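Asker:
There are 2 protein chains.
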Amino acid sequence: MPLYKAPLRDMQFVLYELLNIEQRYQQFPEYADQMNMDVVNQYLEVAADFCENEIAPLNQNGDQEGCHFEQGKVTTPRGFKEAHQKYAELGFTSLTADPKYGGQGMPTLLRIAISEMLCGSNWSWAMYQGLSHGAMRTLEHHGTEQQKQTFLTKLVAGIWTGTMCLTESHAGSDLGLIRTRAEPQADGSYAITGEKIFISAGEHDLAENIIHIVLARLPNAPAGTKGISLFIVPKFNVDEFGHLLERNHVVCSAIEHKMGIHGNATCVMNFDAAQGFLIGPENRGLNCMFTFMNTARIGTAVQGLAASQIAFQGALEYARDRLAMRALSGIQYPEKNADPIIVHPAVRSMLMTQKAFAEGGRALAYFLAQHADIVEKTKDPQQKQASDELLAFLTPIAKAFLTESGNESAKHGVQIFGGHGFIIEHGMEQIVRDARISTLYEGTTEIQSLDLLARKVLKSEGKLLKNMTDLIDQFIFENQSNIHLKSYLDRLSNLNMEWLEITQYITKNAKQNPEEIGAASVDYLYYSSYIVFAYLWARMAKIAQHKLDKGTTEEKFYQAKLKTAQFFYDKILNRTQQHLASIKTGAESVMALDAEDFAF
Amino acid sequence: MPLYKAPLRDMQFVLYELLNIEQRYQQFPEYADQMNMDVVNQYLEVAADFCENEIAPLNQNGDQEGCHFEQGKVTTPRGFKEAHQKYAELGFTSLTADPKYGGQGMPTLLRIAISEMLCGSNWSWAMYQGLSHGAMRTLEHHGTEQQKQTFLTKLVAGIWTGTMCLTESHAGSDLGLIRTRAEPQADGSYAITGEKIFISAGEHDLAENIIHIVLARLPNAPAGTKGISLFIVPKFNVDEFGHLLERNHVVCSAIEHKMGIHGNATCVMNFDAAQGFLIGPENRGLNCMFTFMNTARIGTAVQGLAASQIAFQGALEYARDRLAMRALSGIQYPEKNADPIIVHPAVRSMLMTQKAFAEGGRALAYFLAQHADIVEKTKDPQQKQASDELLAFLTPIAKAFLTESGNESAKHGVQIFGGHGFIIEHGMEQIVRDARISTLYEGTTEIQSLDLLARKVLKSEGKLLKNMTDLIDQFIFENQSNIHLKSYLDRLSNLNMEWLEITQYITKNAKQNPEEIGAASVDYLYYSSYIVFAYLWARMAKIAQHKLDKGTTEEKFYQAKLKTAQFFYDKILNRTQQHLASIKTGAESVMALDAEDFAF
């Protein structure tokens, strides 16, 4: 199976060279002493060591063993529990939490970078941490002081873990349909009753207690999404000091058998008048959830990027090793009885695509995380709004596109191995199976596409798009005299105009027929994603060219960056054309068939 | 899991209306009384019943149970053996074989249609038959009379099964590297020694003997592909009457653990001076194999088409059933608490894509099979050559594109199910896992692409392409007065010219740098595939329009055909643009990075 090697050099490139964090985080007193190379590199190196040596070795066994369910208990694969303890001891569970509750108060960006390594080395294991983080963030933002003291501190310490209980069997994307009830009790708590499905990390043996964050309806709550409230439901009830009391009436009744992420327990959770505590205002549960959902979407985007990275690593090693046929331009390695397959253009194209997706995806995910930090910490309302809007616009793009491109990279990974890619032992097919979940959970690609086009672009009357195209125009303007960038900037400039035009075109059509929005949405998301990638690749090319011009000891690294940018522009960016053409044909042929007439 | 329902109406559409088999097979005396609706429909109905009721119910269990290996023996999943017996009793193993050896002498086209149903209902089970068929064909074409009497008759009767033993661990796509040795023995037989991997159906419990067709090298054979010979190696030695004698020295030493097709045993086969018999001339084994390989490629194309079909069926049923959110244009089903997801354009687009791939794929696969029949049976050398060349040109396209589009359809199938698609129980993820093998075996997509561009198009100096564009031009010419087809014909006409131009462009570039061929090949294959599909969809639209104009009781069926053609032209055919643009950027950015500089 592919050995995971944290791509530290490229992570540093994005952090220090592209995002310039040493300078940009100076404005925040909380981070001024922390976001420098020494501190950040130390975090990254400890995390890389943990990922490469502690959890990567558990990845394949975790897949093969899976989780075991017996009488309400879930046993995770061998080594998962010990790795969790080590992770907590290393302080990673407390990374971004408020120091008041035991946290280290580090920014989201650092967490996202570390999260990339966790997901790349062991997706299933990393999910336990991801869900816990979601619960922590929700408590931090919406919990009372007492709730934080009781629950958050233990989550931060990694002694307990958390979950997010949203989905019900009939209510996935459409949370307005949920039925779980919350009955107010005399003591101020609530009795929560209902069944939740697809609860990742809902039950396991990593920690002594599990804190569920649960969506449920109060009696007489309005129907739909405006009648949903949020509750804390601990697995074990606890006293005010956090000591465990009796078992609460929430049990895992089954775990799912899944295509992938076997090491993570996907639980059916039954709440039978379980004791719960309201977080945030009544009937505003979905609003409280949005904080989590947006963070979770960036987190899922990072999983997609991690899939691209590990699929690339595995395939690259194999492509350098495996011998088959001779290069079309003549024998390259006469001492071998065939050339390594990396000489073949079709293999190279797949590797370059993976590389362009991984490195471009890293740039996008980290870029978003940086803006999440700005939104959270800036005191400048204009800066806050700008970052908030950019985040709103880019989050569905990152979530959908990084996971879809992660799936594509995983596919190439198997393909480069040929028939061997299909064999479990090599570990490449596991990447496909694990990554497959990422375009489904936290809002499918189709949901993200509607979010982007309907809620973000059209509802803002194009403002959120305009922010982005302005950013690109600004970059073009600032670099117009840079001859090395000319071909990139010309492409970007054309695409930028085309992007605004096609958006206007959809806007106009949507006024005649709202289905035009849905029919255009997925193409629009892909179309937009390639342009966003093109912008980031142009920025990265600029930096690389600058370093090369100045003189550097890392010439090969920067040359590779330039060549990958060129590859992206030559071979991938053209995909915008198909999506543009498809948008232009409108909704008619999509909507033409009656539901009854699809098959005979 | 999706229930398999044989798409008989659409199969009949392709057979009788598109390919006009009743008329076209009249020219062959062998088929004149057989290829009529009565006979063919009866075959199809018996096969559909067998597939829907005998092997489809074994599909999911087959995946879950898998094959078991113990001390050289393989146990197939429950029911597989009984289904094989029933299949043989129904006469399907003898379908296309020469009546002289117990066969029914039916054409390949009928086998391909039945094979679609077998693969759609139980891919793993169907493979046992596919491999047997390969062995039968090889024996029929290259075996001696005695070999046929001894081995072929038993394979035809389904009492024995066969395999094709090509791959070795270091030699997959590059068969020139194989090392298995064949030592001539005093009695005229050969002692075969070596290890073969990825031998589908290499060992199992379905039949009493297994006839391996094995590639091996004679002593002092020339190196590479010109020194490979072909041998029959039976699992049990047999006397001239076909009675089983002692066990031959060929054993299965392990079976692979794979991403999918768990019900089919993928075996490591060890030959330890096993007794073998030469088939065909010495050192011409690969040439003898080509017959099999080309048929096998059409067979694999059919697997891809079958994946599109079953993924479509499963997703369609779910999309009509599952409720989530309301249509953007307003509530469609007020009596329900949400609309079925088939109202949403993004879901419809995926369903329509699957439908366009399944029905277009069926047209292409059957079209090829018809030409395979012509090549085999025609006495007209011109007709033979035309069909042979068309087959040579279209086989890599069908193999690569039907399997890639099958994978895409399978992905959409999971996606339409949302999170539920990831759960094993629903059966949608199994389609993804099973279908994944199809772009790998029988020559990867990349190998097919090189075959198409380098061997078929460039080596023929464009002749094989010209045959195809002439066929399209002829269709355009014949229908130029048909106003209903105008928009299709205009597109086809432009694409046809563009196709020739881009081929010339590649030809020119390849003279400067042979790597241009490899760099263009995969894009060229996709590009060509979409045009071939466009041609077939235009032909199908023409038929549907004609039926509607004439008046029909099946108005909805033909309307759906027209609307699917329109969808293909609106939403899928645009993909040619990205591939064209990508080809035009050439090899430079693909070849730019040194093998050492892909990662740092």
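One line per chain: the protein sequences are R and B, in this order.
Count the first sequence with the numbering used here and you get residues 1 to 600, in order.
Count the second sequence with the numbering used here and you get residues 601 to 1200, in order.
Heads up, the beta-carbon is just placed ideally off N, CA and C, and yes, glycines get one too.
Since this is a predicted model, take the numbers as computed values, not measurements.
1. Does methionine 106(R) have its Cβ less than 8 Å from a Cβ in chain B?
2. Does serine 329(R) have its Cβ less than 8 Å from a Cβ in chain B?
3. Can you list, in chain order, the residues of its chain with a C-beta nearer than 8 Å to that of lysine 384(R)? Leave out the 5 residues immediately preceding and following it.
4. Could you tell me which of Pro934(B), Lys936(B), Thr891(B), Gln1048(B) sits nearest to aspartate 988(B), measuring between CA atoms?
5. To the nearest whole angstrom, what separates the beta carbons of threonine 708(B) and valine 756(B), a pair I think is in contact under 8 Å?
6. Counting only Cβ pairs nearer than 7 Å, list the residues of chain R close to leucine 951(B).
7. Does any residue of chain R bring its CB to less than 8 Å from the CB of glutamine 913(B)?
8. Report the option in Ser1128(B), Glu617(B), Glu1154(B) whose CA atom is closest to the CA atom of proline 996(B).
9. Nearest to phenylalanine 475(R) by CA position, among Pro514(R), Gly462(R), Ala538(R), Arg433(R), is which residue?
10. Specify the secondary structure class of glutamate 1008(B) as computed by DSSP and reduced to three states.
11. Based on Cα-Cα distance, which residue from Asp610(B), Glu1046(B), Leu739(B), Gly776(B) lies nearest to phenylalanine 831(B)?
12. Verify the CB distance criterion: does lysine 355(R) have a CB-CB separation below 8 Å to chain B?
13. Pull up the CB-CB distance for glutamate 959(B) and threonine 1152(B), whole angstroms please, since I reckon it's below 8 Å.
14. Taking only beta-carbon atoms, is glutamine 512(R) less than 8 Å away from chain B?
15. Step through the CB atoms of chain B and report whether any lies within less than 8 Å of the CB of isoleucine 199(R).
16. Is there a Cβ of chain R sitting closer than 8 Å to that of aspartate 1034(B), yes or no?
17. Once DSSP output is grouped into helix, strand and coil, what is the label at proline 184(R)?
18. Using a C-beta cutoff of 8 Å, does asparagine 641(B) count as contacting chain R?
19. Which residues, taken in chain order from the segment 851-882 of chain B, show a beta carbon closer than 7 Å to some beta carbon of chain R?
20. Quick check: the segment 513-524 of chain R against the segment 447-458 of chain R, are at least 3 beta-carbon pairs closer than 8 Å?
21. Indicate whether alanine 938(B) and leucine 923(B) have their beta-carbon atoms separated by less than 8 Å.
22. To the nearest angstrom, how far is the alpha carbon of valine 590(R) from that of histidine 1020(B)?
23. Just the chain B side, please: which residues come within less than 7 Å of glutamine 480(R) by C-beta, in chain order?
24. Determine the DSSP secondary structure at arginine 491(R), reduced to helix, strand or coil.
25. Do methionine 611(B) and alanine 713(B) come within 8 Å of each other at the CB atom, strictly closer than that value?
26. Mind checking who cysteine 888(B) pairs with in its DSSP beta bridge?
27. Excluding five sequence neighbours on each side, which residues of the same chain lie with their C-beta closer than 6 Å to the C-beta of arginine 455(R)?
28. DSSP has tryptophan 869(B) in a bridge; who is on the other side?
29. Which ranges does the alpha helix (DSSP H) cover as unbroken runs of at least 4 residues, wholly within the segment 1017-1070 of chain B, from first to last along the chain?
30. What would DSSP say about glutamine 875(B), mapped onto helix, strand or coil?
31. Does chain B have any CB closer than 8 Å to the CB of glycine 421(R)?
32. Report yes if the C-beta distance between isoleucine 1037(B) and isoleucine 861(B) is below 8 Å; otherwise report no.
33. If you compare alpha carbons, which of Lys154(R), Thr507(R), Phe198(R), Ser189(R) is closest to histidine 170(R)?
34. Are the CB atoms of aspartate 434(R) and tryptophan 125(R) nearer to each other than 8 Å?
35. Quick check: the Cα distance between alanine 363(R) and glutamate 116(R), rounded to an integer number of angstroms?
Answerer: In brief:
1. For methionine 106(R), not one C-beta of chain B is nearer than 8 Å to its own C-beta.
2. Closer than 8 Å to some Cβ of chain B, the Cβ of serine 329(R) qualifies, so yes.
3. Only Ile374, Val375, Thr378 meet the Cβ criterion.
4. Comparing Cα-Cα distances from aspartate 988(B) to each of Pro934(B), Lys936(B), Thr891(B), Gln1048(B), the minimum goes to Thr891(B).
5. Going by Cβ atoms, the distance from threonine 708(B) to valine 756(B) rounds to 15 Å, so no, they are not a contact pair.
6. Correct list: Phe598.
7. Closer than 8 Å to some Cβ of chain R, the Cβ of glutamine 913(B) qualifies, so yes.
8. Ranking Ser1128(B), Glu617(B), Glu1154(B) by CA distance to the CA of proline 996(B) puts Ser1128(B) first.
9. Checked all of Pro514(R), Gly462(R), Ala538(R), Arg433(R); the closest Cα to phenylalanine 475(R) is Ala538(R).
10. DSSP places glutamate 1008(B) in helix when its eight states are reduced to three.
11. Nearest option by C-alpha distance: Leu739(B).
12. At least one chain B Cβ lies under 8 Å of lysine 355(R).
13. The Cβ separation is near 18 Å, so there is no contact.
14. By this cut-off, glutamine 512(R) is not an interface position.
15. So no, isoleucine 199(R) is outside the interface.
16. Not one chain R Cβ lies under 8 Å of aspartate 1034(B).
17. Here proline 184(R) sits in strand by DSSP.
18. Not one chain R Cβ lies under 8 Å of asparagine 641(B).
19. Flagged, chain order: Glu856, His857, Lys858, Met859.
20. Flag = yes, the segment 447-458 of chain R and the segment 513-524 of chain R touch.
21. In contact: alanine 938(B) and leucine 923(B) (Cβ atoms closer than 8 Å).
22. Going by the C-alpha atoms only, they are around 24 Å apart.
23. Within chain B, no residue comes near glutamine 480(R); the closest Cβ sits about 24 Å away, beyond 7 Å.
24. Of the three classes helix, strand and coil, the one that applies to arginine 491(R) here is helix, per DSSP.
25. In contact: alanine 713(B) and methionine 611(B) (Cβ atoms closer than 8 Å).
26. Per DSSP, cysteine 888(B) has no beta bridge partner at all.
27. Cβ within range, chain order: n/a, list empty.
28. Reading off the sequence, residue 869(B) comes out as methionine, not tryptophan. Looking at the DSSP assignment, methionine 869(B) forms a beta bridge with Lys796(B), Cys852(B).
29. Restricted to the segment 1017-1070 of chain B, the alpha helix (DSSP H) segments that are unbroken, complete and at least 4 residues in length are 1028-1035, 1045-1050, listed in chain order.
30. Glutamine 875(B): strand per DSSP, three-state reduction.
31. Yes, its Cβ sits closer than 8 Å to a Cβ of chain B.
32. Cβ atoms of isoleucine 1037(B) and isoleucine 861(B): closer than 8 Å.
33. Among Lys154(R), Thr507(R), Phe198(R), Ser189(R), the Cα nearest to that of histidine 170(R) belongs to Phe198(R).
34. A distance of 8 Å or more separates the beta carbons of aspartate 434(R) and tryptophan 125(R).
35. Between alanine 363(R) and glutamate 116(R), the C-alpha separation is close to 12 Å.
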